[in-house]
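Line by line, the protein sequences are chains A and B.
For what it's worth, the working numbering labels the leading residue of the first sequence as 286, then goes sequentially.
For what it's worth, the working numbering labels the leading residue of the second sequence as 286, then goes sequentially.
Ideal Cβ positions, reconstructed from N, Cα and C, are used throughout, including at glycine.
Just below is one structure, and these are the notes that go with it.
Number of protein chains: 2
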Amino acid sequence: MSVTAARGFTASGVSAGIKDSGAPDLALVVNRGPSYAAAAVFTSNRVQAAPVRWSRRVIGDGALAAVVLNSGGANACTGPAGEDDARAMAERTARALRVEAEQVAVCSTGLIGVPLPMDRVTAGIDAAAAELSEDGGEAAAIAIKTTDSVHKTAVASGSGPDSGPRSGSGPGWTVGGMAKGAGMLAPGLATMLVVLTTDADVSAPTLDSTLRQAVRTTFDRVDSDGCMSTNDTVLLLASGASGVRPDPAEFAEAVHGVCLDLALRLVADAEGASKEIEVRVVGAASEQDAVTVGRSIARNNLLKCALHGEDPNWGRVLSAIGTTSAVFDPDRLDVSINGVQVCRDGAAGEPRDKVDLSGRAVTVTVDLRSGDASATIWTNDLTAAYVRENSAYSS
Amino acid sequence: MSVTAARGFTASGVSAGIKDSGAPDLALVVNRGPSYAAAAVFTSNRVQAAPVRWSRRVIGDGALAAVVLNSGGANACTGPAGEDDARAMAERTARALRVEAEQVAVCSTGLIGVPLPMDRVTAGIDAAAAELSEDGGEAAAIAIKTTDSVHKTAVASGSGPDSGPRSGSGPGWTVGGMAKGAGMLAPGLATMLVVLTTDADVSAPTLDSTLRQAVRTTFDRVDSDGCMSTNDTVLLLASGASGVRPDPAEFAEAVHGVCLDLALRLVADAEGASKEIEVRVVGAASEQDAVTVGRSIARNNLLKCALHGEDPNWGRVLSAIGTTSAVFDPDRLDVSINGVQVCRDGAAGEPRDKVDLSGRAVTVTVDLRSGDASATIWTNDLTAAYVRENSAYSS
Numbered sequence: 286m287s288v289t290a291a292r293g294f295t296a297s298g299v300s301a302g303i304k305d306s307g308a309p310d311l312a313l314v315v316n317r318g319p320s321y322a323a324a325a326v327f328t329s330n331r332v333q334a335a336p337v338r339w340s341r342r343v344i345g346d347g348a349l350a351a352v353v354l355n356s357g358g359a360n361a362c363t364g365p366a367g368e369d370d371a372r373a374m375a376e377r378t379a380r381a382l383r384v385e386a387e388q389v390a391v392c393s394t395g396l397i398g399v400p401l402p403m404d405r406v407t408a409g410i411d412a413a414a415a416e417l418s419e420d421g422g423e424a425a426a427i428a429i430k431t432t433d434s435v436h437k438t439a440v441a442s443g444s445g446p447d448s449g450p451r452s453g454s455g456p457g458w459t460v461g462g463m464a465k466g467a468g469m470l471a472p473g474l475a476t477m478l479v480v481l482t483t484d485a486d487v488s489a490p491t492l493d494s495t496l497r498q499a500v501r502t503t504f505d506r507v508d509s510d511g512c513m514s515t516n517d518t519v520l521l522l523a524s525g526a527s528g529v530r531p532d533p534a535e536f537a538e539a540v541h542g543v544c545l546d547l548a549l550r551l552v553a554d555a556e557g558a559s560k561e562i563e564v565r566v567v568g569a570a571s572e573q574d575a576v577t578v579g580r581s582i583a584r585n586n587l588l589k590c591a592l593h594g595e596d597p598n599w600g601r602v603l604s605a606i607g608t609t610s611a612v613f614d615p616d617r618l619d620v621s622i623n624g625v626q627v628c629r630d631g632a633a634g635e636p637r638d639k640v641d642l643s644g645r646a647v648t649v650t651v652d653l654r655s656g657d658a659s660a661t662i663w664t665n666d667l668t669a670a671y672v673r674e675n676s677a678y679s680s
Numbered sequence: 286m287s288v289t290a291a292r293g294f295t296a297s298g299v300s301a302g303i304k305d306s307g308a309p310d311l312a313l314v315v316n317r318g319p320s321y322a323a324a325a326v327f328t329s330n331r332v333q334a335a336p337v338r339w340s341r342r343v344i345g346d347g348a349l350a351a352v353v354l355n356s357g358g359a360n361a362c363t364g365p366a367g368e369d370d371a372r373a374m375a376e377r378t379a380r381a382l383r384v385e386a387e388q389v390a391v392c393s394t395g396l397i398g399v400p401l402p403m404d405r406v407t408a409g410i411d412a413a414a415a416e417l418s419e420d421g422g423e424a425a426a427i428a429i430k431t432t433d434s435v436h437k438t439a440v441a442s443g444s445g446p447d448s449g450p451r452s453g454s455g456p457g458w459t460v461g462g463m464a465k466g467a468g469m470l471a472p473g474l475a476t477m478l479v480v481l482t483t484d485a486d487v488s489a490p491t492l493d494s495t496l497r498q499a500v501r502t503t504f505d506r507v508d509s510d511g512c513m514s515t516n517d518t519v520l521l522l523a524s525g526a527s528g529v530r531p532d533p534a535e536f537a538e539a540v541h542g543v544c545l546d547l548a549l550r551l552v553a554d555a556e557g558a559s560k561e562i563e564v565r566v567v568g569a570a571s572e573q574d575a576v577t578v579g580r581s582i583a584r585n586n587l588l589k590c591a592l593h594g595e596d597p598n599w600g601r602v603l604s605a606i607g608t609t610s611a612v613f614d615p616d617r618l619d620v621s622i623n624g625v626q627v628c629r630d631g632a633a634g635e636p637r638d639k640v641d642l643s644g645r646a647v648t649v650t651v652d653l654r655s656g657d658a659s660a661t662i663w664t665n666d667l668t669a670a671y672v673r674e675n676s677a678y679s680s
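So, in structure tokens, the structure goes:
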């Protein structure tokens with residue numbers, strides 16, 4: 286159902302010829318109103334692609350009428366010409382939709398440092414505008430794929446403004462979304478792009494705070510390989526077409542749910558991965574400590590190799606914890622892998638051969654025994670397939 | 286010539302049976318004086334192996350008579366029993382050499398979380414003490430290997446106290462050393478261990494400052510996989526047997542030279558690596574900025590895969606720079622790979638197909654154009670062989 290699950294939105298995806306393969310590579314998502322409130326979160330990488338710079342500028346007023354997205358080229362590190370190209374994409378989209386360029390966000394994904402074939406891009410925008418429909422969400426999700434093996438969508442819905450139980454249908458509201466990528470996994474084809482839509486009637490400031498809170502504990506805690514893209518963008522557009530002003534907590538829960546669903550689909554589709562690893566850190570002195578420790582574990586190449594080899598090597602977990610400045614006592618660390626407490630008080634606990642790592646899902650739980658805070662980071666293993674896919678020549 | 290190149294030292298290496306393979310696994314390095322000044326640098330990992338905790342304590346007085354080292358087991362994360370074992374190794378060595386246990390440093394390397402077979406270790410110490418000789422440096426260097434393909438030694442020499450040109454022989458002094466490992470590369474067999482010896486007559490405080498300065502720009506700038514061991518130890522022992530008090534600058538240069546030589550041997554022997562990568566960061570606002578940027582590039586899995594695939598993917602270099610807080614303007618970054626300036630002003634420069642990456646040596650030079658500081662980090666590529674070697678089951 287993707288981005289057209291919510292009322293008030295049309296979308297499309299076409300093959301513009303940006304990709305040599307001829308696969309779909311250009312998508313539009315259009316908000317038909319009556320409201321045009323929008324919010325965005327962008328990569329924190331200081332090297333930012335031209336479309337990110339453009340979108341960051343136009344989201345300033347909290348309103349968007351459309352998003353144009355392309356795969357097949359990141360338009361990152363392309364200099365002033367790349368800036369012109371991002372603006373030209375917005376202008377062409379605006380002309381086709383009869384809106385202002387400043388109401389159009391731009392997202393690109395693909396190889397860094399290579400200019401987009403703008404003749405094909407602009408023709409593709411015109412073609413995509415002609416294809417817009419209320420059923421176009423799937424086509425849009427497919428057109429933003431790079432090396433994703435599947436396209437990724439999610440939907441959640443909420444009830445009317447009364448405080449009764451959820452209706453599940455009727456006059457309620459919906460949040461839908463699509464995503465591509467998994468951090469930076471592909472050969473030069475960087476980037477996570479996410480577009481969320483809702484027909485709930487929500488103001489731009491509320492959208493902004495809701496989106497930031499949701500991203501903080503979902504997309505920001507997916508760490509496939511520690512690499513950060515120049516193009517990561519998460520957009521949330523609200524049409525207000527349901528006429529319902531949702532309960533803020535319920536709306537926040539729905540947005541969080543869609544974000545988490547999409548984030549886990551990104552990890553599940555991580556290139557070359559054979560394990561999905563959930564790193565749960567509990568007993569932390571602060572949530573920041575928990576996140577720092579979880580991320581250090583999730584980025585440890587040696588542990589990721591060991592789990593790939595189905596070796597419950599808890600020593601590598603402790604080594605990773607030890608590189609952080611979190612509050613903990615090295616002699617009071619506990620580590621469980623898939624439910625078996627292989628490390629107690631910083632030393633060997635249950636026999637490691639009790640751990641069953643034959644499945645695809647792995648949970649590493651660390652108790653810092655220093656407080657009540659916790660956090661979860663999702664990652665995947667490091668495999669020879671990852672190396673192969675990322676060492677192929679980029680052109 | 287290893288640790289016995291300098292006068293006043295004996296060494297040995299024996300097979301104690303700690304390793305199942307029967308390969309040499311226990312080494313002694315003994316300072317026969319007349320001076321016993323010593324200095325040490327240890328891992329900054331907060332999870333520290335028992336031998337590191339022991340050695341950190343006994344180096345407090347700036348004097349060591351001997352070092353006992355074993356491969357085949359790290360004695361890390363082994364709880365109070367592991368602490369007892371490290372102390373027992375020092376005590377057994379002290380008894381065999383008729384010195385105090387507090388004069389004996391202990392170094393261990395191997396799998397984390399597994400107790401040492403202490404009966405074999407103590408018998409091995411006795412056997413190693415019986416084998417001590419002035420020609421034992423090579424045997425000691427061989428006995429500390431884990432998955433190292435070659436043992437690693439280096440030597441430098443200095444002139445007498447007069448300020449004339451180096452004599453190269455005669456009454457001068459010598460710095461010798463041995464090393465094992467390459468960061469944390471092997472399957473659970475963590476750790477870089479380094480023992481340096483000199484017959485120069487140098488006080489403990491001078492040894493300490495000289496060693497720290499040398500380590501800071503050599504071993505601390507080798508980053509094979511971003512993983513930090515629980516056992517890393519660098520020791521420098523001075524016998525004073527040459528009777529020469531060296532010129533401090535000349536001595537510092539010799540110690541730095543031996544450290545750099547050994548550090549580059551570690552990178553060259555990194556498991557599974559097919560490229561040795563030198564990341565040079567120039568034009569930085571501060572040395573710290575240069576180190577931070579260099580390390581971020583050296584730890585970028587995507588770049589390390591790309592260079593393995595002989596792809597001069599400078600976009601991944603910029604992505605890595607962008608994750609740091611160093612001073613730079615994204616639109617004024619220059620990157621050269623093997624001498625070809627593939628990125629100028631943050632965008633494409635020379636054609637990437639001009640870059641020849643067919644050889645084993647790769648140099649990535651980044652100009653931040655923000656100052657005069659610089660630093661070099663040495664790393665290697667990420668290969669399927671690395672994944673294979675580090676995903677093999679540890680037991």
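Item	Value
For a contact defined as C-beta to C-beta under 7 angstroms, what are the partners of B/M374 on chain A?	Residues of chain A passing the Cβ test: none, with the nearest at roughly 18 angstroms.
Pull out every residue of the stretch 423-438 of chain B whose Cβ sits closer than 7 angstroms to any Cβ of chain A, in chain order.	none
Can the beta-carbon of B/D493 be found less than 8 angstroms from the beta-carbon of B/G525?	no
Per DSSP, which residues does A/Q626 bridge with? Please list them.	A/S621
Shorter than 8 angstroms from the beta carbon of A/T515 to some beta carbon of chain B?	yes
Considering just the uninterrupted stretch of the beta strand (DSSP E) at B/M463, what are its terminal residues?	458-465
For chain A, is any of its Cβ atoms less than 8 angstroms away from the one on B/G594?	yes
Between A/L603 and A/G634, is the Cβ-Cβ spacing less than 8 angstroms?	no
Excluding the 5 residues preceding and the 5 following A/V391 in the sequence, name in chain order all residues of the same chain whose CB lies nearer than 7 angstroms to its CB.	P336, W339, S340, V353, A371, M374, A375
Which ranges does the beta strand (DSSP E) cover as unbroken runs of at least 3 residues, wholly within the stretch 387-452 of chain A, from first to last along the chain?	389-393, 437-443
At a CB-CB cut-off below 7 angstroms, which residues of chain A make contact with B/I606?	V332
For B/K304, collect the residues of the same chain with a Cβ closer than 6 angstroms to its Cβ; drop the 5 residues on either side in sequence, then sort them by chain order.	D310, G357
Closer than 6 angstroms by C-beta to A/G644: which residues in its own chain qualify, once you throw out the five before and the five after it? Chain order, please.	none
Taking 6 angstroms as the limit between beta carbons, can you name the residues of its chain near B/T650, skipping five residues before and five after?	R565, S621
Over the uninterrupted alpha helix (DSSP H) stretch that includes B/L642, give me the two end residues.	No alpha helix (DSSP H) holds B/L642; DSSP gives it neither H nor E.
8 angstroms is my cut-off, CB to CB: does B/P309 come that close to chain A?	no
Bridge partners for A/L521 per DSSP, in chain order?	A/A324, A/L481
Using the beta-carbon of each residue, which ones in chain B are nearer than 7 angstroms to A/L667?	V672
So B/S581 packs on B/I606, CB below 8 angstroms; how close in whole Å?	7 angstroms
State the DSSP-derived secondary structure class of A/S676, mapped to helix, strand or coil.	helix
What residues from chain B crowd round A/T650, counting only those whose CB sits closer than 7 angstroms?	None at all; the shortest Cβ gap to chain B is about 17 angstroms.
Please identify, using Cβ separations under 9 angstroms, the residues of the stretch 325-349 of chain B that lie next to chain E, in order along the chain.	The structure shown contains no chain E; the protein chains it does contain are A and B.
My assumption, with CB atoms under 8 angstroms, is that A/T648 sits in contact with A/N623. Please give the rounded CB distance.	6 angstroms
So that I know if they touch, is there some Cβ in chain A lying closer than 8 angstroms to that of B/I582?	no
Checking contacts by CB at 8 angstroms: is A/G511 closer than that to chain B?	yes
Determine, using beta carbons only, whether B/G461 and B/T482 come nearer to each other than 8 angstroms.	yes
Just to confirm, is the Cβ distance from B/L642 to B/L592 under 8 angstroms?	yes
For the stretch 357-371 of chain A, list every residue whose C-beta sits within 9 angstroms of some C-beta in chain B, in sequence order.	A359, A361, C362, T363, G364, P365, A366, G367
Under 7 angstroms, CB to CB, which of the residues in the stretch 599-624 of chain A have a partner in chain B?	W599, G600, L603, S604, I606, G607, T608, P615
Taking the alpha carbon of A/T328 as the reference point, which residue from A/T609, A/V500, A/T407, A/T459 has its own alpha carbon closest?	A/V500
Are the beta-carbon atoms belonging to B/L313 and B/L401 less than 8 angstroms from one another?	no
Flag A/C392 as yes if its beta-carbon sits less than 8 angstroms from any beta-carbon of chain B, otherwise no.	no
What ranges does the beta strand (DSSP E) occupy inside the stretch 505-554 of chain B, keeping only unbroken runs of at least 3 residues that lie completely in it?	518-523
Would you mind giving the Cβ-Cβ distance between B/A583 and B/A658, rounded to the nearest angstrom? I have them listed as a contact below 8 angstroms.	Not really, about 17 angstroms apart at Cβ, beyond 8 angstroms.
Are any of the Cβ atoms in chain B nearer than 8 angstroms to that of A/A633?	yes
Answer with buried or exposed for B/G409, where buried requires no fewer than 16 other C-beta atoms within 10 angstroms of its C-beta.	buried
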